[in-house]
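Visitor: Protein chains in written order, with the working numbering: chain L, 619 to 963; chain C, 53 to 480; chain A, 5 to 290; chain Y, 154 to 398.
For glycine and all other residues, C-beta sits at the position ideal for the given N, C-alpha and C.
Note that the structure is predicted; figures quoted are calculated from it, not measured.
There's a structure below that I have some questions on.
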Ligand SMILES: Cc1cc2nc3c(=O)[nH]c(=O)nc-3n(C[C@H](O)[C@H](O)[C@H](O)COP(=O)(O)OP(=O)(O)OC[C@H]3O[C@@H](n4cnc5c(N)ncnc54)[C@H](O)[C@@H]3O)c2cc1C
Ligand code: SF4
Ligand code: SF4
Ligand code: SF4
């Protein structure tokens, strides 16, 4: 792992050079106190001092709507796959979102590799940035996502008057070499970086999951939490917001759309959510997860059990977006895991 | 001597349900009536009891075609009642919106509802085959106006962002610059429209009547001003009732109005007759080219006045947008202090001057509501015009009489479903 | 605890899309009942589908959508494959409007089929409820075509009414076939019906089996499974020799879209065929 | 052979028909795909030989019923167009005030001239085959429905709530802007039109199947509305349903 240092006054020119060279998106303030990923025309628009974005950077890898197949109907019926990947730099990504992206990379490459995801992912450059201000709902300390050591091309850490840049990939190194005025980091700067990063982990201590990382699957096994999930189901609107804002959720619906001439059309996928009422509904009217409590438990099991049992890491990176997106305040994994832990004891 | 009886049920190519009934026995006119048969929706009755934040969204549903007009009139009345001041930026944005609606509505009326009559077609659809470039031009101009209203109001039918005291969301400067560019590119389309209307023969018929419209010294008034009448000078919007004097007639579910005479005209021709000096340069040349000189007493020229106003709207929108861009857009979110009160507001929408009046209690709940819409104010004038026009047509074939009378009604660009939604209320 | 073998993958491999159907032609159609229609389908160049009994394909009608449909013909019958479809929604109703010569999109075969190797030498009890006969027919004809590899063949088939009996031509052969014991029933009879009346579980008492040698294969509407599995247990058939095929909502068929999950199991990947042993503790399964 | 299509309206503001005229150039594709034989707002030529009828507006008086029944008999497919037709819409606000008092309030002493009864959606009078929701309808919704009818496909309205589209657009939830939104229980399909412009959803597309309206009312109260105000929110568009009682 090689480290470089870039003075704060040299970072905007570096970013502006990248903006001239390719499409760049980054974290911007949408309205006071609310942040989003959006195209950057100028480095001044970037805001690194943010707690969390409304939607995760996942939307650039798995778009909210993505064309999969183009077809023609009628005499010369035919179809061809649609692949869309254009170079894009994503700037300001927090470690938990980087970890989430790495997990999606693995899942979409596993068993039947999804080339649509792969091609779109290939020419993305991820410029991460360590967390400066932890989000009040975030619990990254408990989900091993406060820091990351891979999954990024470059990772910034603010050590006061300058940034220390960790280089994750060759692409990251080339980007720096091509556009930045920088120098190798000194030992002292590197140790200041690791001190700051230790304090980041500690900053999540107020909001933690009581059970250990490896213990979560047991909390969700069998009939555990029956009463709790029934209670939450009373208040649940089945609005799917907890799924849709989550950086590690990736379920999608597939639909066909045809133009009015009934000849050209496309098959596309769009985000779906397991909390939604019709998610497991089939044509004959049977709904295989009709009960809201089952749907809530299924989401939590996806976050704290099933993905762990298959990939060895949890499907939740503790970003806290679901907790803030849920209007009746019943989606916060910390509260749910802790009540399961108490119930169990 | 001839017997004629015409009964046009639901005149087409206008908004709402109205019938024309003509009965002539041996050359004598027994019956000549413009009947309005729209289902009443009792609009005021269900606005009462609703919060001041909802009223403009509800009254917008009075009419789909001039929903921006209703929204702005409603907001002005509510702001007058609650004593809410609005910023220059909000006034500017509202002026842009109302010009946008005027452009969209006039293009729709002139090209889609009136032009077919003038070229002998039943509707615009057959014109797609015979005059494709004309139809495409009309669609282009209408799309421009609709897109503009979408950008500034969130939605052209039942706008979303105009609210009491300002706007919930402002358009981006990028969007504004793009629409400005399209306005500049639309000028040739307007000139082609004028050239088209120069070739169409407008029926000749004159009947002097009173003309009433909004007027202001700052501009060709649509958004703000006082009430002007060709017979009675200028008066404040607050005492609009003394001008409208609504009354009920058995033949119509809509109420009729009269002021100095037994009827008066509102709409583009009224605005032209009263405020033509304040038109934009292009609009003035268009008026000359189409032979429209003030004062003009031919109701068929209302459509011509609309074409003139469309030209005015395009130029005025560019000017207003430049003013807005030079000031820069700032987020404003003022607090609204509630107080009990009554207030009236008026705007001049495509079909004429529109009045809203509300009474609120100290919790900001609407207790009384009254709206008087332009088509209401024109019903009596349509009736009087018909009575004067029919005798001149008695020698024509029945088919031509029916068409000419329908064209007379269409010239007013009436919006009947509006006129019966909200009926003046005598505080009974 | 280490993260299992994670490596930063290099995405250079360039294969086609797992969502892209291949074009296929309907060569024959046959109306089986008022609700079900048979389609014989041929891939281009009469290429073999290469399926196992119990697997399914995703059938595409461009503009309408895709639907998972079991392959009803046995892989031992070459040159084309058969689907039997009940009209219940957009894709299935549109399929019913197609005749021979029409083009459809096919993806697959998908999923795990019946454990045919493990069933060799065993007695097989086929329990087909209504449309459950469609996937089971593939296995039944496979076993018939390799009759000597297998023990007894007992086939139960239950339909709502005689008119709703699928593949009546083949049923007629099975009634007189020496290779199998065929028992059928209907919930509601009509005047022409002479046979058993009642739900499919009423057939179990009519046979005796050697439980350790017998594999029960049960496919039918969701409501049927609980009762049929109970009857198989009453016969003493071990859990890992009771086999079911389950239906779930499927929008991709390749284990990505998330709709077919039953607990942590993706029915389109690890199913649709399961032994009862693997899913008996899964609340969401039956 | 292009199917014949007709447009009808009852008590409405004709905003939904205007949205169809507002399709601009795409309107040419529509008239390329179907034969519009009756559309009073835009056409004089008219015939009663149609197979698909789009009906806008609520039924608010006895006189409307025979005309609607005639349309139902003639049309193989009847599509309710816009909230007034699909769920009753704003017209139903009137149903919450004693009828007589409403008529006297508006028409004064001549109230008896104008007969009216409680406003109601089309499917409370005749069976409706498909619904295009919204006030006004969403232009793309209309084109999608026509396309799907031509394909012989059941036109599908989303059964998930407006929140889904709102989250997909990355909007700030309007509850955090101090507004009271019915998005969580209202059918999506409008691209969360109002919240995207930072105004609250007032439920014009009707309720989703199995809505948890009690939970929604609880949320409205949690953010500051009284019970009565929370119920009042449902009366703007959803007045015809139980939820607004
Ligand atoms: C592994 C597998 C194998 C299968 N094999 C076969 C087979 O061999 N033969 C066969 O005929 N089928 C088979 N099926 C079932 C078949 O896949 C479905 O019938 C098919 O997916 C229906 O698709 P569709 O487009 O026709 O229906 P869709 O149009 O997708 O039907 C769902 C429609 O119904 C609507 N809907 C919503 N709620 C309800 C409700 N409460 N009641 C009814 N409809 C509602 C939905 O909105 C949607 O529009 C199989 C399924 C699986 C999973
Ligand atoms: S966000 Fe909250 S209310 Fe919405 S589906 Fe998730 S848990 Fe239920
Ligand atoms: S489940 Fe909630 S906290 Fe965990 S990653 Fe998803 S949105 Fe973040
Ligand atoms: S956001 Fe709500 S009120 Fe607005 S259009 Fe959509 S459904 Fe109707």
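Classify residue 204 of chain C as helix, strand or coil using the three-state DSSP reduction.
Guide: Of the three classes helix, strand and coil, the one that applies to residue 204 of chain C here is helix, per DSSP.
Visitor: Mapping the DSSP letters down to three states, classify residue 239 of chain Y as helix, strand or coil.
Guide: It is helical.
Visitor: Against residue 98 of chain A, what residues of chain Y qualify as contacts under a CB-to-CB distance less than 9 Å, listed in chain order?
Guide: Per Cβ cutoff of 9 Å: 304, 305 and 306.
Visitor: Check whether the Cβ atoms of residue 143 of chain A and residue 118 of chain A sit closer than 7 Å, and answer yes or no.
Guide: Result yes, Cβ atoms of residue 143 of chain A and residue 118 of chain A sit closer than 7 Å.
Visitor: What separation, rounded to the nearest whole angstrom, lies between the Cα atoms of residue 870 of chain L and residue 260 of chain A?
Guide: So the two alpha carbons sit approximately 8 Å from each other.
Visitor: Which ranges does the alpha helix (DSSP H) cover as unbroken runs of at least 4 residues, wholly within the region 29-90 of chain A, from first to last along the chain?
Guide: For the region 29-90 of chain A, not a single whole alpha helix (DSSP H) run of length 4 or above is found.
Visitor: For residue 821 of chain L, which of helix, strand or coil comes out of DSSP?
Guide: Of the three classes helix, strand and coil, the one that applies to residue 821 of chain L here is coil, per DSSP.
Visitor: Name the two residues that bound the continuous beta strand (DSSP E) containing residue 393 of chain Y.
Guide: Run containing residue 393 of chain Y: none; DSSP gives neither H nor E here.
Visitor: Hey, residue 232 of chain Y and residue 161 of chain Y are a contact pair by Cβ (cut 8 Å); roughly how many whole angstroms apart?
Guide: About 11 Å; that fails the 8 Å criterion.
Visitor: Does any CB atom of chain A fall closer than 7 Å to the CB of residue 378 of chain Y?
Guide: Not closer than 7 Å to any Cβ of chain A, the Cβ of residue 378 of chain Y fails to qualify, so no.
Visitor: Measuring alpha carbon to alpha carbon, tell me which of C:418, C:95 and C:169 ends up nearest residue 253 of chain C.
Guide: Out of C:418, C:95 and C:169, C:169 has the C-alpha closest to the C-alpha of residue 253 of chain C.
Visitor: Helix, strand or coil for residue 697 of chain L per DSSP?
Guide: Residue 697 of chain L: strand per DSSP, three-state reduction.
Visitor: Please state whether DSSP places residue 929 of chain L in a helix, a strand or coil.
Guide: The answer is helix: DSSP assigns residue 929 of chain L an H, G or I state.
Visitor: Which residues have their C-beta within less than 6 Å of a heavy atom of ligand 3, listed in chain order?
Guide: Selection output, chain order preserved: L:863, L:864, L:865, L:866, L:921, L:934, L:935, L:936, L:937, L:938, L:939, L:940 and L:951.
Visitor: For residue 164 of chain C, tell me which candidate among Y:196, Y:172 and Y:311 has the shortest Cα-Cα distance.
Guide: Minimum Cα distance to residue 164 of chain C is reached at Y:196.
Visitor: Enumerate in chain order the residues of its own chain whose CB-to-CB distance from residue 270 of chain Y is below 8 Å, with the five nearest sequence positions on each side excluded.
Guide: Closer than 8 Å at Cβ, skipping near neighbours: 213, 214, 215 and 252.
Visitor: Return the bridge partner residues of residue 256 of chain C from the DSSP annotation.
Guide: Paired residue(s): none; residue 256 of chain C is not in a bridge.
Visitor: Consider the C-beta atom of residue 859 of chain L and the heavy atoms of ligand 2; say whether any pair is separated by less than 6 Å.
Guide: Yes, since a heavy atom of ligand 2 falls inside the 6 Å radius drawn around the Cβ of residue 859 of chain L.
Visitor: Provide the residue span of the alpha helix (DSSP H) that contains residue 178 of chain A, from first to last.
Guide: From DSSP, the alpha helix (DSSP H) with residue 178 of chain A extends over 172-180.
Visitor: Tell me whether residue 949 of chain L counts as near ligand 2, meaning its Cβ is closer than 6 Å to at least one heavy atom of that ligand.
Guide: Result yes, Cβ under 6 Å from ligand 2.
Visitor: Taking 6 Å as the cut-off, is the beta-carbon of residue 310 of chain Y closer than that to any non-hydrogen atom of ligand 4?
Guide: Not so, every heavy atom of ligand 4 lies at least 6 Å from the Cβ.
Visitor: Under three-state DSSP, which class holds residue 266 of chain Y?
Guide: Bear in mind that the predicted position of residue 266 of chain Y carries a pLDDT of just 47, short of 50, making it too unreliable to give a figure here.
Visitor: Write down the C-beta distance between residue 206 of chain Y and residue 224 of chain Y rounded to the nearest angstrom, noting that I regard them as a contact closer than 8 Å.
Guide: About 5 Å separates the two Cβ atoms, so the contact holds.
Visitor: Can you tell which of A:165, A:135, A:171 and A:214 has its C-alpha closest to the C-alpha of residue 226 of chain A?
Guide: Of the listed residues, the one whose Cα sits closest to residue 226 of chain A is A:135.
Visitor: Any contact of the region 854-870 of chain L with the region 242-254 of chain A, i.e. 3+ C-beta pairs under 8 Å?
Guide: No, the region 854-870 of chain L does not touch the region 242-254 of chain A.
Visitor: Is there a Cβ of chain Y sitting closer than 7 Å to that of residue 895 of chain L, yes or no?
Guide: Yes, residue 895 of chain L counts as interfacial toward chain Y.
Visitor: Determine, using beta carbons only, whether residue 290 of chain Y and residue 281 of chain Y come nearer to each other than 7 Å.
Guide: No; because the gap between Cβ atoms is not below 7 Å, this pair is not in contact.
Visitor: Would you decide whether residue 816 of chain L is buried or exposed? Buried here means 16 or more other CB atoms lie within 10 Å of its CB.
Guide: So residue 816 of chain L ends up on the exposed side.
Visitor: Indicate whether at least one CB of chain L lies closer than 7 Å to the CB of residue 228 of chain A.
Guide: So, not an interface residue.
Visitor: Throw me the rounded Cβ distance for the residue 892 of chain L and residue 913 of chain L pair, which I believe falls under 8 Å.
Guide: Right, the Cβ-Cβ distance comes to about 6 Å (below 8 Å), so this counts as a contact.
Visitor: Under 8 Å Cβ to Cβ from residue 150 of chain A, same chain only, skipping five residues before and after it: list those, please.
Guide: Closer than 8 Å at the Cβ level, and outside the excluded window around residue 150 of chain A, lie 80.
Visitor: Sorted by chain position, which residues of the same chain lie with C-beta nearer than 7 Å to residue 178 of chain A's C-beta, five sequence neighbours on each side aside?
Guide: Closer than 7 Å at the Cβ level, and outside the excluded window around residue 178 of chain A, lie 159, 184 and 186.
Visitor: With distances taken between CB atoms, is the gap from residue 189 of chain Y to residue 158 of chain Y smaller than 7 Å?
Guide: Cβ atoms of residue 189 of chain Y and residue 158 of chain Y: closer than 7 Å.
Visitor: Which term fits residue 182 of chain C, buried or exposed, when burial requires 16 or more other beta carbons within 10 angstroms of its beta carbon?
Guide: It is exposed - the Cβ of residue 182 of chain C has fewer than 16 other Cβ atoms within 10 Å.
Visitor: What separation, rounded to the nearest whole angstrom, lies between the Cα atoms of residue 438 of chain C and residue 259 of chain C?
Guide: One C-alpha to the other measures close to 10 Å.
Visitor: Does any residue of chain Y bring its CB to less than 7 Å from the CB of residue 783 of chain L?
Guide: Not closer than 7 Å to any Cβ of chain Y, the Cβ of residue 783 of chain L fails to qualify, so no.
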